[in-house]
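Residue numbers (the numbering used here), protein chains in the order written: chain A, 1 to 115; chain B, 116 to 230.
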């Protein structure tokens, strides 16, 4: 699972902050300009821009500038690496439960043969 | 979505490191002792223990000590908060696409009426 390893570092670090998750939440509802994104947050603009830069460098959001207005959008494929990783963990977990199940059945069979 | 907010901070921060994700990967396959977890990693024991502590405090893994041996397990519900959050983002995204679709159909209808 080294496929997305360095990308996952950036994505998970970017998501480990409530302001950045709130920005993602807002952009999941539609595109927004810098000032629209700033409106609900009580923070200095450079702080907000730093959050946006972190999200953008992780590939979670994209931005385009027209004139003096920069508009942000959530990346279509934002969560693909995370979903792949979670899916892999879920597969491993299911396989493990299946093995435990097989083992339990085998034990039960052996006990039944003993008696 | 403030439900899991502080927990999500810890979970995402815990997952933003390749060693910690490798530990989760190993524990998704089954329980392991401290030395079994240390074996594939070339790092000092205190460093490994710090990674394990971070995963445990995020609720991703649990541990039990019998005698001098501590055994780690992945938490059953490790990824529930993350999956809930991703599910919510996916719902918002789908709703947005549906709205765009409705809008596009409405535009097409208006144009058809104009001609």
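C-beta atoms are modelled at their ideal positions from N, C-alpha and C, and glycine is treated no differently.
Under a Cβ-count criterion, where at least 16 other Cβ atoms within 10 Å of its own Cβ denotes burial, should residue i be classed as buried or exposed?
{"i": "residue 184 (chain B)", "result": "exposed"}
{"i": "residue 58 (chain A)", "result": "buried"}
{"i": "residue 95 (chain A)", "result": "exposed"}
{"i": "residue 97 (chain A)", "result": "exposed"}
{"i": "residue 237 (chain B)", "result": "Outside the displayed span of chain B (116 to 230) sits residue 237 (chain B), for which this structure offers no information."}
{"i": "residue 8 (chain A)", "result": "buried"}
{"i": "residue 221 (chain B)", "result": "exposed"}
{"i": "residue 235 (chain B)", "result": "Residue 235 (chain B) lies beyond the range of chain B shown here (116 to 230); nothing can be said about it."}
{"i": "residue 114 (chain A)", "result": "exposed"}
Specify the secondary structure class of residue i as computed by DSSP and reduced to three states.
{"i": "residue 63 (chain A)", "result": "strand"}
{"i": "residue 147 (chain B)", "result": "strand"}
Check for me: the alpha helix (DSSP H) holding residue i runs from which residue to which?
{"i": "residue 39 (chain A)", "result": "Here residue 39 (chain A) belongs to no alpha helix (DSSP H), and DSSP marks it neither H nor E."}
{"i": "residue 94 (chain A)", "result": "80-114"}
{"i": "residue 16 (chain A)", "result": "From DSSP, residue 16 (chain A) is part of no alpha helix (DSSP H); its letter is neither H nor E."}
{"i": "residue 50 (chain A)", "result": "45-57"}
Quick check on this structure: which residue in the options has the alpha carbon closest to the alpha carbon of residue i?
{"i": "residue 74 (chain A)", "options": "A:61, A:47, A:46, A:41", "result": "A:61"}
{"i": "residue 27 (chain A)", "options": "B:208, B:230, B:139", "result": "B:208"}
{"i": "residue 35 (chain A)", "options": "A:56, A:102, A:49, A:81", "result": "A:49"}
{"i": "residue 125 (chain B)", "options": "B:134, B:196, B:180", "result": "B:196"}
{"i": "residue 51 (chain A)", "options": "A:90, A:102, A:14", "result": "A:14"}
{"i": "residue 132 (chain B)", "options": "B:216, B:120, B:169", "result": "B:169"}
{"i": "residue 153 (chain B)", "options": "B:182, B:121, B:187", "result": "B:187"}
{"i": "residue 43 (chain A)", "options": "A:24, A:20, A:30", "result": "A:20"}
{"i": "residue 78 (chain A)", "options": "B:201, B:182, B:220, B:171", "result": "B:201"}
{"i": "residue 5 (chain A)", "options": "A:102, A:84, A:105", "result": "A:84"}
{"i": "residue 206 (chain B)", "options": "A:23, A:29, A:47", "result": "A:29"}
{"i": "residue 162 (chain B)", "options": "B:224, B:138, B:182", "result": "B:138"}
{"i": "residue 171 (chain B)", "options": "B:191, B:223, B:217, B:181", "result": "B:191"}
{"i": "residue 147 (chain B)", "options": "B:178, B:156, B:127", "result": "B:178"}
Regarding residue i and the ligand ADP, is the C-beta to nearest heavy atom distance less than 7 Å?
{"i": "residue 13 (chain A)", "result": "For the ligand ADP, the structure offers nothing, since it holds no ligand at all."}
State the start and end residues of the unbroken beta strand (DSSP E) segment that holds residue i.
{"i": "residue 70 (chain A)", "result": "69-74"}
At a Cβ threshold of 8 Å, is residue i touching chain D?
{"i": "residue 83 (chain A)", "result": "No chain D appears in the structure shown, which is made up of the protein chains A and B."}
If you measure beta-carbon to beta-carbon, which residues of the stretch 25-49 of chain A are closer than 7 Å to chain B? Within the stretch 25-49 of chain A, the qualifying residues are 25, 28, 29, 30.
May I ask you to list, following chain order, the residues of the stretch 126-138 of chain B that have a beta carbon less than 9 Å from some beta carbon of chain A? Residues of the stretch 126-138 of chain B whose Cβ lies closer than 9 Å to any Cβ of chain A, in chain order: 126, 127, 128, 129, 130, 131, 132, 133, 136, 137.
For the stretch 210-225 of chain B, which residues have a CB atom closer than 9 Å to at least one CB atom of chain A, in sequence order? Under the 9 Å Cβ criterion, the stretch 210-225 of chain B contributes 210, 211, 214, 215.
Which residues, in order along the stretch 53-69 of chain A, keep a beta-carbon less than 7 Å from a beta-carbon of chain B? Against chain B - using a Cβ distance shorter than 7 Å - the stretch 53-69 of chain A contributes no residues.
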